[in-house]
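Trainee: First residue of the sequence shown: 1, per the UniProt record's numbering; consecutive thereafter.
Built from N, CA and C at the ideal position, the CB exists for glycine as well.
Predicted, not measured: the structure shown is a model, and the values here were computed from it.
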Amino acid sequence: MPGLFSKVSEFLKSPQGRKYTDQAKRYASDPKNRQKAQDLFKRFGGGGKKH
Numbered sequence: 001m002p003g004l005f006s007k008v009s010e011f012l013k014s015p016q017g018r019k020y021t022d023q024a025k026r027y028a029s030d031p032k033n034r035q036k037a038q039d040l041f042k043r044f045g046g047g048g049k050k051h
């Protein structure tokens, strides 16, 4: 039985997975969206830059 990681890998190689990957890359390339994501991670303790 395939594990979760292999299922995710298969999905990302599918046409629909590539579509979502490309969409995420476009979203992440926008500086405003990148800042929103960083703020969200900081709010929930998910990281951000640690000095």
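1. Quick check: what's the CA-CA separation for Val-8 versus Ala-28?
2. Which runs of the alpha helix (DSSP H) fall wholly inside the UniProt region "Disordered" (16-51) and span at least 4 residues, in chain order?
3. Quick check: Gly-17 and Phe-11, are their CB atoms within less than 9 Å of each other?
4. Determine the direct distance from the alpha carbon of Pro-15 to that of Gly-45, and round the result to whole angstroms.
5. What are the start and end residues of the alpha helix (DSSP H) that includes Ser-6?
Mentor: From the atom records:
1. Between the alpha carbons of Val-8 and Ala-28 lies a distance of about 20 Å.
2. Taking 4 residues as the minimum length, the alpha helix (DSSP H) runs contained wholly in the UniProt region "Disordered" (16-51) are 31-43, in order along the chain.
3. Against a cut-off of 9 Å, the Cβ pair of Phe-11 and Gly-17 comes out as a contact.
4. Roughly 33 Å separates the two Cα atoms.
5. Looking at the DSSP string, the run of the alpha helix (DSSP H) that includes Ser-6 is 4-13.
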